[in-house]
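Protein chains: 2
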Amino acid sequence: MGRPKQFDPDAAVDRAMEVFWRKGYASTSPQDLVDELGIGRGSLYNAFGSKRALFELALGRYRDTQAAELVAILEEPGPVKARLRSALELLVELDLGDAGRRGCFAVNTAAELAGVDPDATDLVRRMFDRTEAAFQAAIEEGQRAGELDRARDAKATGSLLLTTVVGMRVVAKTVEGPERLHRVIDALLDAI
Amino acid sequence: MGRPKQFDPDAAVDRAMEVFWRKGYASTSPQDLVDELGIGRGSLYNAFGSKRALFELALGRYRDTQAAELVAILEEPGPVKARLRSALELLVELDLGDAGRRGCFAVNTAAELAGVDPDATDLVRRMFDRTEAAFQAAIEEGQRAGELDRARDAKATGSLLLTTVVGMRVVAKTVEGPERLHRVIDALLDAI
DNA sequence: CAATTTTTGTACCCGAAGTTCCAAAAAGGA
DNA sequence: TCCTTTTTGGAACTTCGGGTACAAAAATTG
C-alpha cells in the first residue's frame, strides 16, 4: 500500500556512513546528505526522521561491515601472530590508502561525541568491547598453541592491542608515510 | 597610544583552549567564545581575527602547557619504568577525573581536523613527534642503565608508546571505570 | 476507476553561525 | 585640549542549519 520508495534505504545508509565518516557529525549538514545520497529533503526526513537518527544507523552500519571485518580476520584459523600482523597491516593500508584520511569512524565518533551523546558513546563502547574480546580470544588461542607466552595476562594484552589499534588509527590521520605505523606493529608483535 | 585592552589576551587564549578542548572546533560558536571569555564580539574579532585563528592559538597554548608537562615528566631523573608508569597513571587520572571527558585536545583535533585543516594537522603532528621523541629518549636511557632490554629498537618502542598513549586517551572517553586503562599500562610496561 | 496511503520535491521558517560595521569611549601625544 | 589611535559593545548582515508543510505524484485495494 502507498507509493513505494524511489531509493534503496539500505544503500542510502551506506552513503550516509561515508559522509559522516569523512566529515564527522557536526560538520555534516542536511544539505551534504541530500547531495551525497541523491535524494530530496522530503525523502530524507520522511525515511530517517532526523540527522541524528540517520547518524546512528550509519554508525551501526559501520559496526556491521568495517568493524565486523576486523573481528572476522582475528577469528580466522592459522598461526596467531601472523593473523595479528595481517590484521594490523590491513588497517595501515586502509588508513594510508584513503585519500580523505578518514581513519576509523568509531574512533572519530568517540573523539567527537563521547561525553556529549550517550547513545553514540555506547555504540562505540560496544564496538571497542567486541574488538578487545576478539584480540583476547586470539591471544588465548596463541597461548594454548604454545605460540605466545602463557605467563602473560591475555585480557590485559587484549586491552593493549585494542588501545594500540585505536591509537594507530588516530596517528594514521596525521602521518606522512607508513614508517611509524610499521614500527608500531613490529614493536607490538615483538613485545607480546 | 590608543585605548588599552580591557582584558588579558593571554588569559583569553587560556579560556578559549578550554572551550575548544571541551567542544571541538566545529561545535564551538563565536557565541560560546563570547560567553566563556567574558568579552564582547568586537573585542574578540579585533583581538584575534577569526574563530580559526583563535583556535590555532588555543592549540598552541595546549602544546606549551599540557603536552609540555608530559614531556617534562618523561625527562625527570630516576628509574625509567617508574617514570613511564607515573606518566601513564597521571594521564589516566586526568582523563577519568575530568567530568567533561575531554580527553586530549591534540588527539581530538587529529580526529576532527586531520586531512581537512593542514595547519592544525601540522601542529598536532609536531606534538606527536615531540612526545614520541621523549619516549624514545627515556627508553634509550633505560637501556643504557641496564633497566630495559638493549635488543629492542628504542625508536620502534617509542612509537609504540606514543601510539598507545593516543589510544588510551580516546578509549578513556568511552570507558566507565579505570580497569581497562590500568590493564593497558600493566601489559605495556610488562611488554617493553 | 475511486479511495487510500505513502513518497517526493519545493517552498518556507526560524534561529544560529561567523563576521563586519560603526559610533562611542578611553587612552597617549602635540 | 584637541587629535589620533585603538578598543568596545552592540546592531546589522548574509548565509546556512535543521526541520516542517503541503500539494502533487505514484503506488495498492476493492
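If you're matching them up, the sequences are chains A and B in order.
Each residue of the first sequence is one higher than the last, beginning at 1 in this note's numbering.
Each residue of the second sequence is one higher than the last, beginning at 1001 in this note's numbering.
Ideal placement from N, C-alpha and C gives every residue a C-beta, glycine not left out.
No experiment lies behind these values; they were computed from the predicted model shown.
Start and end residues, alpha helix (DSSP H) containing Tyr45/A: What you label residue 45/A is simply residue 45 of the first sequence in a count that begins at 1. Per DSSP, Tyr45/A belongs to the alpha helix (DSSP H) from 41-48.
Thinking Gly103/A and Arg3/A are a contact (beta carbons under 8 Å), I'd like their distance in whole angstroms, please. Position 103 of the first sequence holds residue 103/A. Position 3 of the first sequence holds residue 3/A. With 8 Å as the limit, Gly103/A and Arg3/A do not qualify as a contact, their Cβ atoms being about 40 Å apart.
Is the CB-CB distance between Met1017/B and Ala1058/B below 8 Å? Start at 1 with the first residue of the second sequence, and residue 1017/B comes out as number 17. Start at 1 with the first residue of the second sequence, and residue 1058/B comes out as number 58. Yes, the pair counts as a contact, with Cβ atoms nearer than the cut-off.
Beta-carbon proximity of Val166/A to Val1034/B, cut-off 8 Å: Counting from one through the first sequence, the residue named residue 166/A turns up at place 166. Counting from one through the second sequence, the residue named residue 1034/B turns up at place 34. The answer is no: Cβ separation not under 8 Å.
Kindly confirm or deny that the segment 1155-1162 of chain B and the segment 115-131 of chain A touch, where touching means at least three C-beta pairs closer than 8 Å. no
Can you give me the Cβ contacts of Leu74/A inside the same chain, cut-off strictly under 7 Å, excluding the 5 residues immediately before and after it? Within the first sequence, numbered from 1, the residue matching residue 74/A stands at position 74. So the list reads Arg83, Ala87, Ala134, Phe135, Ala138, once near-sequence residues are dropped.
Comparing the C-beta of Asp1153/B with each C-beta of chain A, is any distance below 8 Å? The residue you call residue 1153/B lines up with position 153 of the second sequence. Yes, Asp1153/B counts as interfacial toward chain A.
Find the residues of chain A that neighbour Ala1110/B, judging by a C-beta separation of less than 9 Å, and give them in chain order. Within the second sequence, residue 1110/B is the residue found at index 110, counting from 1. What Ala1110/B touches in chain A: Gly103, Ala111, Val170, Val171, Lys173, Thr174.
Between which two residues does the alpha helix (DSSP H) containing Pro118/A stretch? Walking along the first sequence from the start, residue 118/A turns up at place 118. It spans 118-144 - the alpha helix (DSSP H) in which Pro118/A sits, taken as one unbroken run.
Taking 8 Å as the CB-CB limit, is Ala114/A close to chain B? For this step, residue 114/A is matched to residue 114 along the first sequence. Yes, because at least one Cβ of chain B sits closer than 8 Å to the Cβ of Ala114/A.
Does Ser1159/B get closer than 8 Å to chain A when you measure Cβ to Cβ? Here residue 1159/B refers to the residue found at position 159 of the second sequence. Chain A contact via Cβ: present.
Rounded Cβ spacing between Ser27/A and Ala1187/B (contact assumed at less than 8 Å): In the first sequence, residue 27/A corresponds to position 27, counting from 1. In the second sequence, residue 1187/B corresponds to position 187, counting from 1. Actually they are not in contact, since the Cβ atoms of Ser27/A and Ala1187/B sit about 36 Å apart, beyond 8 Å.
Taking the alpha helix (DSSP H) that Pro1178/B falls in, what are its first and last residues? Against the second sequence, residue 1178/B aligns to sequence position 178. Careful: Pro1178/B lies outside any alpha helix (DSSP H) and carries neither H nor E.
CB Phe105/A to CB Tyr62/A, shorter than 8 Å? In the first sequence, the residue the question calls residue 105/A occupies position 105. In the first sequence, the residue the question calls residue 62/A occupies position 62. In contact: Phe105/A and Tyr62/A (Cβ atoms closer than 8 Å).
First through last residue of the alpha helix (DSSP H) which encompasses Lys51/A: Position 51 of the first sequence, counted from the first residue, corresponds to residue 51/A. Start and end: 51-62.
Thr164/A versus Asp190/A - alpha carbon distance: Counting from 1 along the first sequence, the entry for residue 164/A is found at position 164. Counting from 1 along the first sequence, the entry for residue 190/A is found at position 190. Distance between the alpha carbons of Thr164/A and Asp190/A: 14 Å.
Going by the CB atoms, is the gap between Val80/A and Ala145/A shorter than 8 Å? Numbered from its first residue, the first sequence carries residue 145/A at position 145. Numbered from its first residue, the first sequence carries residue 80/A at position 80. Contact flag set, yes.
Go to Gln31/A, then tell me how far its alpha helix (DSSP H) extends in each direction, as first and last residue. Counted from its first residue, the first sequence places residue 31/A at position 31. 30-37 is the extent of the alpha helix (DSSP H) around Gln31/A.
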